[in-house]
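> To get the working numbering, take the position in the sequence shown, counting from 1, and add 1.
Backbone N, C-alpha and C fix where the C-beta goes; we use that ideal spot for every residue, glycine too.
Small disclaimer: the values here were computed from a predicted structure and weren't measured.
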Amino acid sequence: MRADGTSSAAEVTPHAVDVTSADGVRLAGIHLPGPGGDTAIAVCHGFTHHTRHSSTRPVLAALSLHAPVVAVDMRGHGRSGGRSTVGDSELLDLDAAVRWARAAGYARVATAGFSLGAAVALRHATTTGTSGPDAVVAVSGPARWYSRETQAMRRVHWLLEQPHGRAVARLLGVRLDSGWEVVPPSPVEVVADVAPVPLLLVHFTGDRYFSAAHAQALMAASGGHAQLWTEPGAGHGESGTGPELAARIARWALAAARTGSPGELTRSDGSTVGPRTPAERRAPGSEVG
Numbered sequence: 002m003r004a005d006g007t008s009s010a011a012e013v014t015p016h017a018v019d020v021t022s023a024d025g026v027r028l029a030g031i032h033l034p035g036p037g038g039d040t041a042i043a044v045c046h047g048f049t050h051h052t053r054h055s056s057t058r059p060v061l062a063a064l065s066l067h068a069p070v071v072a073v074d075m076r077g078h079g080r081s082g083g084r085s086t087v088g089d090s091e092l093l094d095l096d097a098a099v100r101w102a103r104a105a106g107y108a109r110v111a112t113a114g115f116s117l118g119a120a121v122a123l124r125h126a127t128t129t130g131t132s133g134p135d136a137v138v139a140v141s142g143p144a145r146w147y148s149r150e151t152q153a154m155r156r157v158h159w160l161l162e163q164p165h166g167r168a169v170a171r172l173l174g175v176r177l178d179s180g181w182e183v184v185p186p187s188p189v190e191v192v193a194d195v196a197p198v199p200l201l202l203v204h205f206t207g208d209r210y211f212s213a214a215h216a217q218a219l220m221a222a223s224g225g226h227a228q229l230w231t232e233p234g235a236g237h238g239e240s241g242t243g244p245e246l247a248a249r250i251a252r253w254a255l256a257a258a259r260t261g262s263p264g265e266l267t268r269s270d271g272s273t274v275g276p277r278t279p280a281e282r283r284a285p286g287s288e289v290g
């Protein structure tokens, strides 16, 4: 497949990846060998997507023209087992992809998450015991959970919270787990802990899911550590990431990863920005926008 998503002869031959997360979920994915030497990019897709999705597959192909790529279907999605926890346990899925890349011989691994995957990438980078990334890219990520300020996000919450919505989610290819018993730290609470690992935030000006307030909140909470790219267009996540932007993301990730420090994280997964309690995270005032 070409970076533009056409069905012409493959630019890079994908290889199947079969791994198991730390909590025992079987995960299916792909490895796209590419240039970049000993540095790879581990990709975490968005909600309802998977590695063969019509929006995700061209992004993986475009990235692989500039760097080796590893990506797995998150639990409850695509060919992977388990059920989706919508951003909680999925950090273990991304961690499995990072660990696979390191075991395959890549000395440095940058992570790139899209939409829900962006939130997962931030949490993965700041969680004790993970195979820490050498650089992080978060595209179209939320700052907080329970965001309902757009029609698109209200539809997402209908899928997650209503019985009929959960049935529709299954038709969309997502197998949902039960709701959170303990609300995990939101992205804005943990983003400061990504430092000193390089962090790139990407926001589309016409994003119909998350307003610019999300990217701005993440940028502010990072304490100035993150870089923010504001891109024109009405895209969101993979659907907004064309070949040109994918190329820039890949080049940034490769350059930034070479300044990082791979290895086990030892810092705490504690919150750094309020609200901190599960009740506060659920409150209407916790929304951004």
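(1) Starting from residue 57, follow the alpha helix (DSSP H) in both directions and report where the run begins and ends.
(2) What does the Cβ neighbour count give for residue 19, buried or exposed, with the cut at 16 atoms within 10 Å?
(3) CA-CA distance, residue 15 and residue 46?
(4) Thinking C-beta only, is residue 84 closer than 7 Å to residue 178?
(5) Return helix, strand or coil for residue 229, following the three-state DSSP convention.
(6) If you reduce the DSSP assignment to three classes, tell me which class residue 18 lands in.
(7) Among 219, 195 and 86, which residue has its Cα nearest to the Cα of residue 133?
(8) Okay, do the stretch 34–43 and the stretch 51–60 touch, 3+ Cβ pairs below 8 Å being the bar?
(9) Would the stretch 150–168 count as touching the stretch 57–64 if we require 3 or more Cβ pairs under 8 Å?
(10) Hey, residue 140 and residue 115 are a contact pair by Cβ (cut 8 Å); roughly how many whole angstroms apart?
(11) Among 170, 130 and 205, which has the Cα closest to the Cα of residue 142?
(12) Label residue 182 either buried or exposed according to how many other C-beta atoms from any shown protein chain fall within 10 Å of its C-beta, with 16 as the threshold for buried.
(13) Roughly how many angstroms separate the alpha carbons of residue 264 and residue 124, rounded to a whole number?
(14) If the criterion is Cβ atoms closer than 7 Å, does the pair residue 33 and residue 73 meet it?
(15) Check whether the Cβ atoms of residue 191 and residue 219 sit closer than 7 Å, and answer yes or no.
(16) What are the boundary residues of the beta strand (DSSP E) that residue 165 is part of?
(17) Can you look up residue 44 in the DSSP assignment and give me helix, strand or coil?
(18) Within the same chain, show all residues whose beta-carbon is closer than 6 Å to that of residue 227, passing over the 5 residues directly before and after it, in chain order.
(19) Quick check for students: name the residue ranges of the alpha helix (DSSP H) that lie wholly in the stretch 116–159, counting only runs of 4 or more.
(20) The alpha helix (DSSP H) that contains residue 196, what's its start and end?
(21) May I ask you to list the residues that DSSP assigns as paired with residue 250?
(22) Tell me where the beta strand (DSSP E) around residue 29 begins and ends.
(23) Would you kindly report the start and end of the unbroken beta strand (DSSP E) that includes residue 108?
(24) Quick check: what's the CA-CA separation for residue 30 versus residue 82?
(25) State the start and end residues of the unbroken beta strand (DSSP E) segment that holds residue 23.
(26) Spatial neighbours of residue 253 within its chain, please: CB distance less than 6 Å, with the 5 preceding and 5 following residues excluded, ordered by chain position.
Result, derived from the coordinates:
(1) That run of the alpha helix (DSSP H) goes 57–65.
(2) Exposed: under 16 other Cβ atoms inside 10 Å.
(3) A straight-line Cα-Cα distance of about 17 Å links residue 15 and residue 46.
(4) The answer is yes: Cβ separation under 7 Å.
(5) Residue 229 falls in the strand class under three-state DSSP.
(6) The DSSP-derived three-state label of residue 18 is strand.
(7) Among 219, 195 and 86, the Cα nearest to that of residue 133 belongs to 195.
(8) Counting Cβ pairs under 8 Å, fewer than three are found: no touch.
(9) Under the three-pair Cβ rule at 8 Å, the stretch 150–168 does not count as touching the stretch 57–64.
(10) By a beta-carbon distance limit of 8 Å, residue 140 contacts residue 115. Their separation comes to about 5 Å.
(11) When the alpha-carbon of residue 142 is set against those of 170, 130 and 205, the nearest one is in 205.
(12) Flag for residue 182 reads exposed.
(13) Caution is warranted here: a pLDDT of 43 is assigned to residue 264, below 50, making its placement in the model unreliable, and no coordinate value can be reported.
(14) No, Cβ-Cβ distance for residue 33 and residue 73 is not below 7 Å.
(15) No, these two residues do not count as a Cβ contact at 7 Å.
(16) Residue 165 -> not in any beta strand (DSSP E); alpha helix (DSSP H) instead, spanning 164–172.
(17) It is a strand residue.
(18) Excluding sequence neighbours, residue 227 sits near 200, 202 and 220.
(19) Here the runs fully enclosed are 117–126.
(20) No alpha helix (DSSP H) holds residue 196; DSSP gives it neither H nor E.
(21) Beta-bridge partners of residue 250 (DSSP): none assigned.
(22) Under the DSSP assignment, residue 29 falls in the beta strand (DSSP E) whose first and last residues are 27–33.
(23) Where residue 108 is concerned, there is no enclosing beta strand (DSSP E), given that its DSSP letter is neither H nor E.
(24) Within the model, the alpha-carbon separation for residue 30 versus residue 82 is close to 12 Å.
(25) No beta strand (DSSP E) contains residue 23, which DSSP labels as neither H nor E.
(26) Its chain contains 201 as the residues whose beta carbon lies nearer than 6 Å to that of residue 253, once the 5 sequence neighbours on both sides are disregarded; these appear in chain order.
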